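Numbering (this note's numbering), first residue to last: 110 to 848.
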């Protein structure tokens, strides 16, 4: 665990507070997933309770019932009360701010203090699928959007209408409940066994010990022990979510989807999901609040009619049940929309914004933009299938709709709302939608590349130490790649396929879609490597082994001005690449130590080769790539890393029969490298020119030690599961480490 309180600031007093203080927490590391807040307030009017706010939401509250005679003597003319509360950190932002507010008996409130800190929740589980969180206010097209996402070959959805099986949210809630401190002020909490349908936080974790006549170290021991279990709760939760969506994938005949999509409440478990799934995506779906109001009122009326007739006036949903009149409900929507706007602003850098109205008017364009922002395959056939699914009228869809068709749902407030209510809406919602003006789906929701630190040069070289100059150069480089990306999208990728492609034996639509998706993800890996290491767009590129162009076609489309060479062991692969992409091709050899490409390259992509070679051939390949790089060349190489063990364990016989795989796994446990041949199976028949070809497993420390003696090369990066959320990515290049 990694929790630290970085600072505590008391807010200036006002006419309600004479004085206040926080005894705890104090700045410094915390050895548990919780910390206690102890303080007192001397007020001029009676205070009722203390609230703890995180990102605008009350996450905890406590009474002002702790005696503080030391303070009462000092402020005899004021109402002096103390308070104590334990705050769980699971569910808070990684860099959190907790506001402490005092609520007075007359309803007024003021901020007492601000607690800042950092927290990181970890888990031993390594998920193979990442969530796509669909966030909206409801009645905004989220069900429609989920139907479309379910058609993407890299996304799995629990396809039960209206797509509101909150499996991941439930298990994230499970973590947060079990990680929360106990509350021994409530009898129900201590007598947890009486409620046989619900589970409460562990009632003995981080409890108020002020009532104990003789406090000992036993409570501290329990607290530290239980904090250690929180990571196990996270592992169990993630494993359960993974198991559920794997079952959904099998049901929908999806092999290895990279994502699962799920609706998530705006104020849900975002930070817990984000920390446990660092490559998670989020979609914000927004709709004109006036149309939202009209849709909610129509939907509630329909439900009342079906359930018990018009007389059942109390049957309402979407927050309408909380107020008496439609006019009051407008204020509920306004408050909700303002919170939604703030949420979007905090997360917009890493999320995609989809406007309901735009999705209806130009579905193909908006779906493509959304997929690009999510870094998913946006090829035409996939987009068409998603739009078609969205337009399909089923009995469930017709029952869910409250307008004759989707186009008439835009601007329905002009027809459905009374003039008086329209005027109230105009005043209440004025300017809210403007908060989203200019927002478009982000080009990427992945983490931005990190600029390489400036190298130390000889004294004869002038170094620009001005930070602005360094950043200007880096962002200019980013702009150059953005321009290449725009042209790449405009140009498109070749859809020509080799009938003899050994990487595409299954010619189903799903397999072909995945073929293109894996190639596109290789481009993401390559661009990240180039940008992170401040490399200009390459002028010479080698794809080795190229196969029939799974990655080559993307390299040709992205870098049309570069000289691109393909190399492979199979002549039919090279013949296809030569004809389809109009590039030069160089035959490879079984003995990689004898290969000479005859030139040097600025970029070499070596995908899924070292994941199949024995140790001697592995070393020969590293040497070959190293001597084939230009003076500033970079090699991007993929490997089978630690994640392979998890795949083999959860999907028996995935790579090989378990007894064969164990041979390689045993080697890894001993040295950090393990290998076993493909023998007597279908793969040995397909890749029939290779001698010594199978499964190679590595650990990062083994790879680093392999490169450490090479002063002519520089280790530039290692990313676990960096390609296709599966294979590790090793990056090395020139100039050498001492150059």
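Glycine included, each C-beta is placed from N, C-alpha and C at the ideal position.
Quick caveat, the model's predicted, so the values are computed rather than measured.
Whose C-beta lies closer than 7 angstroms to the C-beta of residue 761 among residues of the same chain, with five residues either side of it excluded? Same-chain partners within the cutoff: 767.
Which residues in the same chain as residue 545 place their Cβ atom closer than 8 angstroms to its Cβ, once the five residues preceding and following it in sequence are excluded? The answer, listed in chain order, is 395, 450, 453, 462 and 464.
Taking all protein chains shown into account, decide if residue 584 is buried (16 or more other Cβ within 10 angstroms of its Cβ) or exposed. When all chains shown are included, residue 584 counts as exposed.
Residue nearest to residue 682 in terms of C-alpha spacing, selected from 404, 129, 697 and 595: Nearest option by C-alpha distance: 697.
Segment contact, 8 angstroms Cβ cut-off, at least three pairs: the region 232 to 248 with the region 201 to 209: Taking 8 angstroms as the limit for Cβ pairs, the verdict is that the region 201 to 209 does not touch the region 232 to 248.
Name, in chain order, the residues that DSSP records as bridge partners for residue 240. DSSP output for residue 240 lists 369 as bridge partner(s).
Would you check whether the ligand MN has a heavy atom nearer than 6 angstroms to the C-beta of residue 603? In terms of ligand content, the structure shown is empty, and the ligand MN therefore cannot be addressed.
Can you tell which of 629, 649, 285 and 353 has the C-alpha that lies nearest to the C-alpha of residue 276? Shortest Cα-Cα distance from residue 276 to any of 629, 649, 285 and 353 involves 353.
Could you name the residues that DSSP lists as bridge partners for residue 640? Secondary-structure assignment with DSSP links residue 640 through no beta bridge to anything.
Quick one: Cα of residue 355 to Cα of residue 669, how far? Near 39 angstroms, if we compare the C-alpha coordinates of residue 669 and residue 355.
Assign residue 755 to one of three DSSP states: helix, strand, or coil. Helix.
Anyone know if the C-beta pair for residue 146 and residue 218 falls short of 7 angstroms? In this structure, residue 218 does not lie closer than 7 angstroms to residue 146 by Cβ.
From 484, 153 and 262, pick the residue whose C-alpha is nearest to that of residue 213; which is it? That would be 153, whose Cα lies nearest to the Cα of residue 213.
Along the chain, where does the alpha helix (DSSP H) containing residue 356 start, and where does it finish? Note, residue 356: alpha helix (DSSP H), 327 to 360.
Please check the pair residue 366 and residue 263, which I expect to be a contact at CB under 8 angstroms, by giving their CB distance rounded to whole angstroms. Their Cβ separation, rounded to whole angstroms, is 6 angstroms, which keeps residue 366 and residue 263 in contact under 8 angstroms.
Own chain residues within Cβ distance below 7 angstroms of residue 754, not counting five before or after: Closer than 7 angstroms at Cβ, skipping near neighbours: 774.
Close-in-space but distant-in-sequence residues of the same chain around residue 821 (CB under 6 angstroms, 5 per side omitted): Only residues of its own chain outside the window of five on either side were considered, and among them 845 have a CB closer than 6 angstroms to the CB of residue 821, listed in chain order.
Any beta-carbon of chain C closer than 7 angstroms to the one on residue 654? Included in the structure is just one protein chain, with no chain C present.
Taking the alpha-carbon positions, what's the residue 874 to residue 836 distance? This structure cannot settle anything about residue 874, because the visible part of the chain is limited to 110 through 848.
Out of curiosity, what's the CA-to-CA distance linking residue 350 and residue 280? Using only the alpha carbons, I get a separation of about 7 angstroms.
Classification of residue 567 by the beta-carbon crowding that lies within 10 angstroms, buried from 16 upward: Unreliable placement is indicated for residue 567, whose pLDDT of 35 sits below 50; the coordinate value is still reported in the next sentence. Residue 567 is exposed by the Cβ-count criterion.
To which residues does DSSP link residue 209 through a beta bridge? In the DSSP assignment, residue 209 is bridged to 161 and 222.
Let's see if you can read the secondary structure: which residues bound the beta strand (DSSP E) around residue 149? Segment 143 to 152, the beta strand (DSSP E) holding residue 149.
Grab me the residues of residue 273's own chain with a C-beta within less than 7 angstroms of its C-beta, minus the 5 sequence neighbours each way, in chain order. Setting aside the 5 residues that flank it on each side, residue 273 is surrounded in the same chain by 372, each with a C-beta closer than 7 angstroms to its C-beta; the list follows chain order.
Residues in its own chain within less than 6 angstroms of residue 806 by CB, not counting five upstream and five downstream? Same-chain partners within the cutoff: 749, 753, 773, 777 and 783.
May I ask you to report which of helix, strand or coil DSSP gives residue 681? Correct three-state label for residue 681: helix.
Extent of the continuous alpha helix (DSSP H) run through residue 776: Residues 767 to 780.
Considering just the uninterrupted stretch of the beta strand (DSSP E) at residue 133, what are its terminal residues? For residue 133, the enclosing beta strand (DSSP E) stretches over residues 126 to 133.
Are the CB atoms of residue 142 and residue 231 within a distance shorter than 7 angstroms? No. Outside cutoff.
In the DSSP output, what is residue 661 paired with across the bridge? DSSP output for residue 661 lists no bridge partner at all.
For my contact list, residue 629 and residue 493 are in at a C-beta cut-off of 8 angstroms; report their separation, rounded to the angstrom. Not confirmed; about 18 angstroms, so no contact.
Just to confirm the assignment: which complete alpha helix (DSSP H) runs, minimum length 4, are found wholly within the region 678 to 747? Qualifying alpha helix (DSSP H) stretches, in chain order: 680 to 690 and 724 to 736.
Can you find at least 3 beta carbon pairs, one from the region 494 to 507 and one from the region 519 to 528, that sit closer than 8 angstroms? With a cut-off of 8 angstroms, the region 519 to 528 and the region 494 to 507 do not count as touching, because too few Cβ pairs lie within range.
Measure the C-alpha to C-alpha separation of residue 177 and residue 127 and round it to an integer number of angstroms. Going by the C-alpha atoms only, they are around 15 angstroms apart.
Touch test, the region 722 to 729 against the region 636 to 647, Cβ-Cβ under 8 angstroms, three pairs minimum: Put simply, the region 722 to 729 does not touch the region 636 to 647. Fewer than three CB pairs are less than 8 angstroms apart.
Throw me the rounded Cβ distance for the residue 346 and residue 392 pair, which I believe falls under 8 angstroms. Taking a contact as a CB-CB distance under 8 angstroms, the pair residue 346 and residue 392 does not count as one, their CB atoms being some 22 angstroms apart.
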